Amino acid sequence: MEKGKQRRVVLVGCNYPNTKNELHGCINDVLAMKEVLIERFKFEPSGIELLTDALRPRSNLVMPTGANIKATLKRMVNG
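The sequence shown runs 517 to 595 under the numbering used here.
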């Protein structure tokens, strides 16, 4: 990677809780991927954005609405 360039990533995990299409593990997957990116690929934590529909609020997680995904991508692209 070129010096001075920061790699960025947006991770989205949707379990769709309390719906007939509820999934299990999607949020765990993005949390695990974040750790892989940091530990193995040496991403800076500040370059990783998480959006999940976790029922338990976490101070650093944002709900993955269409507007939030677009805003996060725009923020990541614009630096």
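A virtual CB, placed ideally from N, CA and C, is assigned to each residue, including glycine.
Everything numeric in this text was worked out from a predicted model, so none of it was measured.
Check: Evaluate the contact criterion for the region 579-595 versus the region 535-543: three or more CB pairs, one atom per stretch, below 8 Å.; Outcome: no
Check: Using only the alpha-carbon positions, how far apart do Lys550 and Glu560 sit?; Outcome: 10 Å
Check: Counting along the chain, where does the beta strand (DSSP E) carrying Thr535 start and finish?; Outcome: Taken as a continuous stretch (DSSP letters only), Thr535 belongs to no beta strand (DSSP E), as it is neither H nor E.
Check: Assign Gly595 to buried or exposed, taking buried as 16 or more other Cβ atoms, counted over all protein chains shown, within 10 Å of its Cβ.; Outcome: exposed
Check: Where does Glu555 fall in DSSP's three states?; Outcome: helix
Check: Whose CA, out of Leu589, Glu555, Lys558 and Val552, lies closest to the CA of Glu565?; Outcome: Leu589
Check: Tell me which residues share the same chain as Leu553 and place their Cβ nearer than 8 Å to its Cβ, disregarding the 5 neighbours each side in the sequence.; Outcome: Val525, Phe559 and Ile564
Check: Between which residues of its own chain and Met592 is the CB-CB distance below 7 Å, once the five residues before and five after are set aside?; Outcome: Arg524, Val526 and Glu565
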